[in-house]
Amino acid sequence: MYLDRFCYQSESGVLEYHIEYPADRPREMLLLYYDTEDQWPRAYKELQTCEERVELLRNISENNQIIYLDPYSTSESNGDSKCKLYYQTDNEEWISCTGFRTFRAARSRWWFLALASCSDTDDALMSSSNASQYWGIYAEYKLTMTNGQPSDIFHYQFSDDEWPILPADIAFLVTNFILLAISYVVGFQLSSRRLYHSIYRIYVQSVAFETGGLILCVLHGLIYSTDGIGMSFLRQMGQLLRGIAQMMFVFMCLLLSRGLNVTRMKLGKADNCFIILMVIVFVTSYFGMLLWEIRVGLHFIHGFQMNMFVGLRSSNSVLSGRICARLSACGLENCRLDLLPGRFATFR
């Protein structure tokens, strides 16, 4: 049973685990696979039985990648794992195992965690008349996966591939705050000369939505850096606000491309139809990409590696492009203020 995955740094990765399950169930093992083709990809795609997937790690015994969750186990691969029997309030006997594992490798590496229960005695139980009682794996677990030192809030709770995300979000948030302040100053000057037109209003709203979305994303990242859980609601709302900002910015660019408030004050029917069509295409494409991202994310959750840095660079490049475009918009409005006499025209 697949549990989770984490990209550990080459020297300071630590896994802490606490796993409990009923003592009358088959004995379980915690399996640790890393990302080479002969380990997790092979175990997930090619090998069919529990025994084959465990045997794959037994052949690499020097790495101690099997942790036996058994209070009577004497295996050296258990390391610092400690298992004990205890009784719950209903007098049901349970097994509780705690321990930690330090990961050291020549490079940062993905590790995939899974639970298994496939010993000979378990097979005998499964073939008995009470097989339904032992069907499947039942466990209550808590996994804490960290990199670096607790004082390093930008690295400690984050997988190695996620390290640039929070600093990048903070940097873009500061940039957007500055951009929003400049936008309001320019907007005030436009308003004082009665030049505050609809195009610039859409632009300011787009910057405001982008800034609000980044605030929520940064808040989620800061909370995540302290407890390793975060608030997914904040992240989702932040992504929603940033999506709205993108749509508004594209809508503004479409209006400018048809010359609204530049060469004409009103769009014709053909221009309106063109803009409506382009907005529909953009919104459909946006939500299509969102569904594709969810599908790829689910594929990744089941253990296949993706190059997250490429996605991060691409998204930051798009955001950088939008910031440059918005700065250019502010610059153009300032040029218009310098060239046009006061109260030259009123745009509504």
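Using our numbering, the first residue of the sequence shown is number 7, and each one after it goes up by one. C-beta: ideal position from N, C-alpha, C; glycine also.
- Query: Are the CB atoms of Tyr27 and Ala145 nearer to each other than 7 angstroms?
  - Reply: Reading the sequence shown from its first residue, position 21 is the one you call residue 27. Reading the sequence shown from its first residue, position 139 is the one you call residue 145. Cβ distance < 7 angstroms, so Tyr27 and Ala145 count as in contact.
- Query: Is the CB-CB distance between Leu124 and Asp175 below 7 angstroms?
  - Reply: Translated into the one-based positions of the sequence shown, residue 124 becomes position 118. Translated into the one-based positions of the sequence shown, residue 175 becomes position 169. In the sequence on display, residue 124 carries Cys and not Leu. No. Outside cutoff.
- Query: Would a C-beta distance cut-off of 7 angstroms place Ile221 and Met254 closer than the cut-off?
  - Reply: As a first step, residue 221 must be located in the sequence shown, where it is residue number 215. As a first step, residue 254 must be located in the sequence shown, where it is residue number 248. Taking 7 angstroms as the Cβ cut-off, Ile221 and Met254 do not qualify as a contacting pair.
- Task: Kindly indicate the opening and closing residues of the beta strand (DSSP E) around Cys89.
- Result: One-based indexing of the sequence shown puts residue 89 at position 83. Here the beta strand (DSSP E) through Cys89 covers Lys88 to Tyr93.
- Query: Which same chain residues, not among the five before or five after Phe160, have their C-beta less than 8 angstroms away from its C-beta?
  - Reply: By one-based count along the sequence shown, residue 160 stands at place 154. Cβ within range, chain order: Trp169, Leu172, Pro173 and Ser231.
- Can you tell which of Trp117, Val180 and Pro32 has the C-alpha that lies nearest to the C-alpha of Asn69? Working through the sequence shown from its first residue, we reach residue 69 at position 63. The option with the nearest alpha carbon to Asn69 is Trp117.
- If you run the structure through DSSP and keep just helix, strand and coil, what is Phe106? Residue mapping note: residue 106 aligns to position 100 of the sequence shown, counting from 1. It is a strand residue.
- Query: Buried or exposed: Ala130, going by 16 or more other Cβ atoms within 10 Å of its Cβ?
  - Reply: The residue labelled residue 130 in the question sits at position 124 within the sequence shown. In this prediction, Ala130 scores a pLDDT of 44, lower than 50, which makes its location untrustworthy; no coordinate-derived value is stated.
- Identify the continuous alpha helix (DSSP H) that holds Arg6 and give its terminal residues. The requested residue 6 does not occur in the structure, where the chain is confined to residues 7 to 354.
- Segment contact flag, the region 12-22 with the region 106-117, C-beta cutoff 8 angstroms, min 3 pairs: yes
- Item | Three-state class that DSSP yields for Ala120 in the structure shown | Start at 1 with the first residue of the sequence shown, and residue 120 comes out as number 114. Strand, per DSSP.
- Message: Within 7 angstroms of any Cβ in chain C, is that where the Cβ of Leu53 sits?
- Response: Of the protein chains in the structure, only one exists, and it is not chain C.
- Query: From this set, Gln94, Thr95, Ser263 and Ser79, which residue's C-alpha is nearest Lys88's C-alpha?
  - Reply: Taking the sequence shown and counting its residues from 1, one reaches residue 88 at position 82. Selected option, being the one with the closest Cα: Ser79.
- Task: Enumerate, from N- to C-terminal direction, the unbroken beta strand (DSSP E) stretches of 3 or more residues contained entirely within the region 23-68.
- Result: 34-40
- Message: Ala120 and Leu37 - do their beta-carbons sit closer together than 7 angstroms?
- Response: On the sequence shown, residue 37 is found 31 positions in, with the first residue counted as 1. On the sequence shown, residue 120 is found 114 positions in, with the first residue counted as 1. Yes, these two residues count as a Cβ contact at 7 angstroms.
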